[in-house]
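Let me begin by presenting the structure, written as structure tokens, before commenting on it.
In the numbering used here, the protein residues as written are 166 to 572.
This is the structure:
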């Protein structure tokens with residue numbers, strides 16, 4: 166298997182992985198004395214297992230939100246977004262299907278109404294992921310599909326529609342396949358490929374998973390997670406033959422954002438698309454927060470004459486996704502992202518009202534807005550759309566295919 170991942174800054178192809186067996190890129194178990202917890206697949210025993218624990222809630226993608234409603238914390242470190250901005254390479258141009266298209270593959274060009282799911286194959290059988298568990302300081306080594314199930318439990322509410330969960334599972338798998346192929350070794354000193362935090366993807370360990378639900382809900386919910394993973398086994402989202410940077414977030418403002426409007430890189434499959442479903446179903450669609458003037462100026466890093474009296478806030482420009490691109494505060498320019506992160510707002514689409522005692526911001530949507538909206542995905546699923554429909558809508562010009570089809 167040979168993958169060429171495009172470097173975002175210069176568009177040059179970089180041969181980052183060549184092997185006869187997929188992902189033969191394991192560091193020695195127990196690096197730096199870290200404990201390795203060998204775990205088998207929980208896809209087969211999820212329903213019957215009574216030894217699996219369950220976690221309470223997870224942090225999700227943004228720093229202040231519990232995971233039960235799928236919403237993320239108001240920073241750019243969101244679910245599915247590693248670090249400040251996506252690492253590695255990531256148009257509305259839709260590549261046509263060719264005679265080389267494998268059975269079961271679906272491209273954006275094929276999208277018309279509800280589609281059949283691609284055929285499921287064990288493309289990644291034998292591939293394992295080493296997860297650094299920050300709570301215990303140990304490393305859990307699991308099959309890749311078990312890892313996907315743990316991420317699914319950590320990143321999306323279990324009461325979401327099955328097709329939304331399947332879309333999330335494919336996005337999660339795409340992220341880890343891309344990361345393993347890239348040879349990123351930032352956690353090599355800990356003997357791990359990824360951590361269980363938002364720095365990579367929130368992962369619920371096998372031990373913790375059984376603690377999440379009580380009584381009959383445990384077996385039912387574990388079975389639902391297992392079904393979402395099993396029915397998408399081996400599937401990834403690709404663009405021109407490469408696994409994509411599968412960014413996702415909680416709730417849109419009605420549109421997603423072009424990647425370069427929030428991060429520095431322009432990725433052809435992370436384009437602004439409509440997402441009208443969120444407004445009517447997401448509890449995080451619209452929120453208000455009021456700041457005293459002194460606190461507002463402090464958070465904005467403004468001092469002296471620039472931080473006196475009622476502020477003069479002017480909209481300068483908006484993004485294609487209808488978010489704030491730039492504003493000025495008393496003549497000082499800020500990007501929408503800067504305002505969001507400085508104030509801890511839920512979204513970079515916001516309006517404001519200045520009163521005697523402070524400023525009230527009303528935000529629309531929740532998260533950075535790039536890639537797949539989780540609540541939008543659930544809305545699409547409620548309308549009968551499939552996981553493939555969802556992914557092809559949010560990731561422009563992409564294809565859903567088995568990892569074994571990658572060049």
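Yeah, the Cβ is synthetic: ideal placement off N, Cα and C, and Gly gets one too.
Keep in mind the model is a prediction, meaning the values are calculated, not measured.
Q.
Taking its Cβ as the centre, do 16 or more other Cβ atoms sit within 10 Å of residue 559, making it buried, or is it exposed?
A. buried
Which same chain residues end up closer than 8 Å to residue 485 when comparing Cβ atoms and leaving out the 5 residues on each side of it in sequence?
420, 422, 423, 426 and 437
Hey, how far is the Cα of residue 345 from the Cα of residue 318?
21 Å
*asked:* By the three-class DSSP mapping on this structure, what secondary structure does residue 339 have?
replied: helix
Assuming residue 162 is part of the beta strand (DSSP E), what are its boundary residues? Nothing can be reported for residue 162, as the shown portion of the chain is limited to 166 through 572.
- Query: Quick one: complete alpha helix (DSSP H) runs, 4+ long, within the segment 374–412?
  - Reply: 381–395
Legend entry - DSSP-derived helix/strand/coil call for residue 372: Residue 372: helix per DSSP, three-state reduction.
Note the first and the last residue of the continuous alpha helix (DSSP H) segment covering residue 439.
Residue 439 -> no alpha helix (DSSP H), and no H or E assigned at all.
6 Å Cβ shell around residue 401 - same chain, five flanking residues per side excluded: 338, 339, 342, 408 and 568
Q: Spatial neighbours of residue 450 within its chain, please: CB distance less than 6 Å, with the 5 preceding and 5 following residues excluded, ordered by chain position.
A: 416, 443 and 444
Check your understanding: Hey, out of 359, 504 and 395, whose CA is closest to residue 302's CA?
Key -> Out of 359, 504 and 395, 359 has the C-alpha closest to the C-alpha of residue 302.
Looking at the secondary structure, which residues open and close the alpha helix (DSSP H) in which residue 446 lies? 443–446
**Asked** Does DSSP put residue 326 in a helix, in a strand, or in coil?
**Response** Three-state DSSP puts residue 326 in coil, outside helix and strand.
Residue closest to residue 546, alpha-carbon to alpha-carbon, out of 331, 364 and 306: 331
Checklist entry - From residue 333 to residue 413, what does the alpha carbon distance come to, in whole angstroms? => result 9 Å
For residue 511, collect the residues of the same chain with a Cβ closer than 6 Å to its Cβ; drop the 5 residues on either side in sequence, then sort them by chain order.
For residue 511, where only same-chain residues beyond five positions count, the Cβ hits under 6 Å are 239, 452, 528 and 531.
Distance check for residue 314 and residue 503, CA to CA, integer angstroms please. 34 Å
* Nearest-angstrom Cα distance between residue 381 and residue 571? -> 40 Å
inquiry  = Tell me the rounded alpha-carbon separation between residue 488 and residue 469.
reply    = Between the alpha carbons of residue 488 and residue 469 lies a distance of about 29 Å.
| task | Quickly, what does DSSP pair residue 527 with across the bridge? List them, please. | result | 453 and 516
Residue 493, enclosing beta strand (DSSP E) - first and last residue | 489–494
(request) Determine, using beta carbons only, whether residue 535 and residue 435 come nearer to each other than 7 Å. (result) yes
*asked:* Quick check on residue 539: does DSSP put it in helix, strand or coil?
replied: helix
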